[in-house]
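FYI, the numbering for the sequence shown is 9 to 337, going by my numbering.
Note that beta-carbon positions come from the ideal geometry of N, C-alpha and C, so glycine has one too.
Report on the structure given below.
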Amino acid sequence: IFQEFTQVDASTTRRYAGTGLGLPISRHFVEMHGGRIWVESELGKGSTFYFTLPVHGPKQEEEPSEDEDVAVEVGKKLILVVDDDESVITLYKRYLDKRGYQVIGLTESQQALQWAMNLKPYAIILDILMPRKDGWSVIQELKATPETRDIPVIICSIVGDTGRGFSLGAADYLVKPIMEDELLNALSRLDGQAQEKVLIIDDNPDDAQLLRRILEEGQGCMVLEASNGADGIALIQAERPSLVILDLMMPDVDGFAVLEAVKANPSTRDIPIIVVTAKDLSEEERQLLAGRTTALLQKGLFRQEELLQDVAEALARLTANQSRSQEQA
C-alpha cells in the first residue's frame with residue numbers, strides 16, 4: 009500500500025476519487041529524513057501506522073571503497089540501479105536477470121558517482137526522490153564527470169518531470185509504477201542510440217547550429233543538416249534518418265513541400281517530423297500539419313527541455329513501432 013498506483017478507469021466518476029499518492033508521499037518524506045514507515049493490521053480491529061525518525065540525524069556515511077567487491081559476469085550488460093527502496097531493486101532484478109543483464113543495486117545515492125566510476129555500467133537506472141541526495145543532484149554529478157558523462161541514465165521515478173530529466177541528460181524517463189516491458193524497451197532503445205540520425209532542414213545557419221548543439225549535447229544524436237528543402241528530401245531518401253527537424257519558411261522548396269514529399273513516399277512516411285518554425289501559422293496551415301507531424305515548436309519561444317522531450321518521445325515511439333513490426337513479421 010506504500011507503492012504508487014494509477015487509476016485504470018479514467019471516467020468522470022473516477023477522476024476526482026484520488027490518485028492514491030498519500031501513503032507513497034508519506035513514505036518518501038519519512039525516508040528522506042532517514043526513518044521508516046510501516047503498518048500493522050489485525051482482522052476485525054483495524055490498522056495502525058507507525059514511523060520512526062532518527063533523533064541525532066543521519067550517521068556520517070563511510071567513503072565508498074575504491075574497488076567495490078562486485079563480480080562482473082562476462083557476457084552480461086551491467087546495470088547499476090540507484091534507488092533507496094530495496095524492493096524496487098529486487099523488482100528490476102527480476103525483470104532483467106532473465107534477459108541477460110546483470111543488476112547491481114545501490115540504496116545510498118551519495119555513493120552513486122563513485123560506484124559508476126568503479127563499475128562503468130552499461131546503463132544506470134536512477135530514482136529521483138531519495139534521502140540525503142536526490143536523483144537530480146546525482147545525474148548532474150554523473151554528467152559533469154568525464155568518466156561517467158557518457159553512461160546512459162534512465163530515470164525511473166514517481167516524479168513526472170520528464171522535461172527536466174531530459175534537459176539534464178537522461179537517455180530515457182519512465183514514471184512509476186513501471187512495467188517489465190517498459191523497462192526492457194527503454195534498455196533496448198539504448199542499443200540503437202548510436203545509429204539514430206536526426207536531420208535538420210533549415211536555411212538559417214544560426215538556428216541550425218543551435219538545434220544541433222541541443223541535440224548532440226542533450227540527446228547524443230548524430231546530426232545531419234540540409235540548408236534547403238530540395239537537399240533535405242534527397243538526404244531523407246539517402247540516409248533514412250530516425251527523425252527530421254523541419255523549418256517551414258525556406259526558398260524554392262518550403263517545409264510544406266518537404267512534408268508532402270516525405271509522407272507521399274511509403275519508404276519514408278513513418279519518419280517522425282518535428283516542425284520548428286518562426287512562421288505565424290494560419291488555422292488552415294495548423295490543420296494541414298496536424299496528424300502529419302509529431303510536434304510543433306515556435307522559434308524563439310520553445311524551451312530546450314521541450315525539444316529534448318519531443319525528440320525522446322518521437323524516437324521511443326519509432327523504436328516501439330519497429331519492434332512491433334519485427335514481431336509481426
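(message) Which residue marks the beginning of the alpha helix (DSSP H) containing residue 187, and which one marks its end?
(response) Note, residue 187: premise wrong, no alpha helix (DSSP H); not H, not E.
(message) Measuring straight from C-alpha to C-alpha, what distance separates residue 295 and residue 310?
(response) 20 Å
(request) Give the DSSP bridge partners of residue 85, in chain order. (result) 109
(request) With DSSP as the reference, label residue 275 as helix, strand or coil. (result) coil
(message) Which residue wins for smallest C-alpha separation from residue 197, given the options 215, 213, 178, 113?
(response) 178
(message) If I follow the unbroken alpha helix (DSSP H) through residue 117, where does it start and stop?
(response) Looking at the DSSP string, residue 117 is not in any alpha helix (DSSP H), and its letter there is neither H nor E.
(request) Using DSSP bridges, identify the partner residues of residue 59. (result) 45
(request) Verify whether the separation of the beta carbon atoms of residue 109 and residue 84 is less than 8 Å. (result) yes
(request) Can you tell me the Cβ-Cβ gap for residue 90 and residue 146, rounded? I've got them flagged as a contact below 8 Å. (result) 6 Å
(request) Going by CA-CA distance only, name the one from 32, 62, 195 that's closest to residue 107. (result) 195
(message) Considering only DSSP beta bridges, list what residue 229 is partnered with.
(response) Note: residue 229 sits in no beta bridge, so no partner.
(request) Enumerate in chain order the residues of its own chain whose CB-to-CB distance from residue 138 is below 6 Å, with the five nearest sequence positions on each side excluded. (result) 92, 117
(request) Provide the residue span of the beta strand (DSSP E) that contains residue 284, from first to last. (result) 281-285
(request) Note down the Cα distance separating residue 246 from residue 174, rounded to an integer number of angstroms. (result) 29 Å
(request) Quick one: using the 10 Å Cβ neighbour count with 16 as the cut-off for buried, is residue 189 buried or exposed? (result) exposed
(message) Checking 8 Å against the spacing of the C-beta atoms, do residue 136 and residue 150 come in under that value?
(response) no
(message) Tell me the DSSP secondary structure of residue 214 in three-state form.
(response) helix
(message) In this structure, how does DSSP classify residue 270 when only helix, strand and coil are distinguished?
(response) helix
(request) Would you please state the rounded distance, in angstroms, between the beta carbons of residue 48 and residue 60? I believe it to be under 8 Å. (result) Incorrect: roughly 13 Å between the Cβ atoms, too far for contact.
(request) Using 10 angstroms around the beta-carbon of residue 255, count the other beta-carbons present and answer buried if the total reaches 16, otherwise exposed. (result) buried
(message) Quick check on DSSP: helix, strand or coil for residue 149?
(response) helix
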